[in-house]
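Here's the structure we're looking at; comments come further down.
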Amino acid sequence: MREARIFLLARRRIPIQPGMTDDPFAGRTALVHDWLNQMGGAEYVLEVLHGMFPAAPIYTSLYVPQHMSDAMHSWDIRTSWLNRIPLRDRLARYLLPLYPGIFRRMNLASRDLVISVKSAFCLGVRTAAGASRARHVCYCLTPTRFLWHFDQYMAREQLPGPARLATRMLLEHLRRWELDAAEGVDDFIAISRAVQHRIRDTYGRTSTIIHPPVDTQAFRPGTTAPKEGFYLVVSRLIPYKRIDLAVSAFNRMPDRNLVIVGDGRDAAALKAMAGPNIRFTDYLPRRAVVALMQRCRGFIFPGEEDFGITPVEAMSAGSPVVALRAGGALDTVVDQQTGVFFDCSEPEALCEAVETANTTNWDREVLYRQADQFDTGLFRERFRRFLTAK
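Position 172 (the sequence shown) corresponds to 172 in the numbering used here; numbering is contiguous.
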């Protein structure tokens, strides 16, 4: 029944001339994002899409300007009533039941094209009303993780028992809502093979893979400098990123140094468990992160990610990646050519992979070529081609 309904949806086709540099949808496109309260890979995707469609307004649940890039301050960002709540950035993750209704009230049916950048509920915006219908292209970072992989998601979260039980009671309702909302999407784009499989298994839909954009040239060294003796992590310090695994592994390797760039609610606990060979820097300016990626002996990517931009940035900087053999890393890292995989989330497995990386003679040109497959320019080209072909 769902497939039949999707097949019968009227889809508006908008011609795009190949090679156009200005916005061919001026005034007719809208971009949708779950929330704008921190910078990360999803927000960089949004920046690139906004550059492609500069006249498009951004619809989102909430916007915290001080946490976002300066470039966004001049954008046309349209928020929900949630944006008026005091301490909205701190409370955002606790307002789970409100988001479906918030996005359902956003009626974008008068637009020609709606592009949602989705990891949670923003695919639920209304794109059909009466005779009006917008084409909805969902750039899917993942089906909502805490709905469809709740036990895995919560395994490392410090949520009290009563709150965890209450959350479970919401899940069935929210899952039904998301399945219904997904029926209103005309085209799904997946960011990796792992996400493509999730879209198929969760929504029963096919999708096209277009990997997220990476500013590879920003990380390319101007000269070939010798590598230094430290490994590097750049990440938010939150449970599912598994930075605790990297700390545990390097505690077992006191002769190997690890630098961890980032902050988050796990920071205090991670610092308390770290040995003297592990240094934390909190957040650093971009130029400092680039310099560390260029100088490090290798980049550590210990968790399972939907895609993972930082490994591509590291390869762009000429540094190999040590990654868990799972998720988006399978799309970006070539084992024994641009990095080393480890097969289980145990410190010993990560230690063994680091030792392998440490004794391998890496070819920087191979690293550069692999990273360049994910360059921002190629993302723009592939995205425009997708819109044209559909």
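Glycine included, each C-beta is placed from N, C-alpha and C at the ideal position. Please read all numbers here as calculations on a predicted model, not as lab measurements.
- The Cβ neighbour count for residue 91, taken over all protein chains shown within 10 Å, is under 16; the residue is labelled exposed.
- Between the alpha carbons of residue 362 and residue 320 lies a gap of roughly 7 angstroms.
- Between residue 194 and residue 209, the CB-CB gap reaches or exceeds 8 angstroms.
- Within the model, the alpha-carbon separation for residue 176 versus residue 148 is close to 11 angstroms.
- Its chain contains 302, 345, 347 and 350 as the residues whose beta carbon lies nearer than 7 angstroms to that of residue 245, once the 5 sequence neighbours on both sides are disregarded; these appear in chain order.
- When the beta-carbon positions are compared, residue 247 and residue 284 stay at least 8 angstroms from each other.
- In the assembly as shown, residue 288 is an exposed residue. Its beta-carbon has fewer than 16 other beta-carbons within 10 Å.
- Sequence-distant partners of residue 356 (beyond 5 residues in either direction) whose C-beta falls short of 7 angstroms from its own C-beta, in its chain, are 340.
- Residue state for residue 126 is assigned as strand, using DSSP reduced to three classes.
- Around the C-beta of residue 304, 16 or more other C-beta atoms lie within 10 Å, and the residue is accordingly described as buried.
- Sequence-distant partners of residue 121 (beyond 5 residues in either direction) whose C-beta falls short of 6 angstroms from its own C-beta, in its chain, are 99, 100 and 103.
- Taking C-beta atoms as the reference points, residue 258 and residue 233 count as a pair closer than 8 angstroms.
- Around the CB of residue 172, fewer than 16 other CB atoms lie within 10 Å, so the residue is classed as exposed.
- Just measuring C-alpha positions, the residue of 255, 96 and 186 sitting nearest residue 126 is 186.
- Inter-residue distance for residue 325 and residue 64 is about 35 angstroms (C-alpha atoms, whole angstroms).
- For the segment 70-151, the full-length beta strand (DSSP E) segments reaching 3 residues or more read 77-79, 113-118 and 135-140 along the chain.
- Distance check between residue 54 and each of 41, 68 and 29 places 29 closest, using alpha-carbon atoms only.
- For the pair residue 82 and residue 61, the CB atoms are nearer than the 8 angstroms cut-off.
- Counting only the Cα atoms, residue 343 lies some 24 angstroms from residue 293.
- Taken through DSSP and simplified to helix, strand or coil, residue 307 comes out as coil.
- In the displayed model, residue 275 falls within coil according to three-state DSSP, outside both helix and strand.
- Counting only unbroken stretches of 4 or more residues, the alpha helix (DSSP H) elements lying wholly within the segment 221-267 are 243-251, in sequence order.
- In the three-state scheme derived from DSSP, where H, G and I count as helix and E and B as strand, residue 63 is classed as strand.
- Residue 374 sits in coil when the DSSP states are folded into three classes, being neither helix nor strand.
- Under a 10 Å Cβ-count criterion, residue 119 is classified as buried, with 16 or more other Cβ atoms of the shown protein chains found around its own Cβ.
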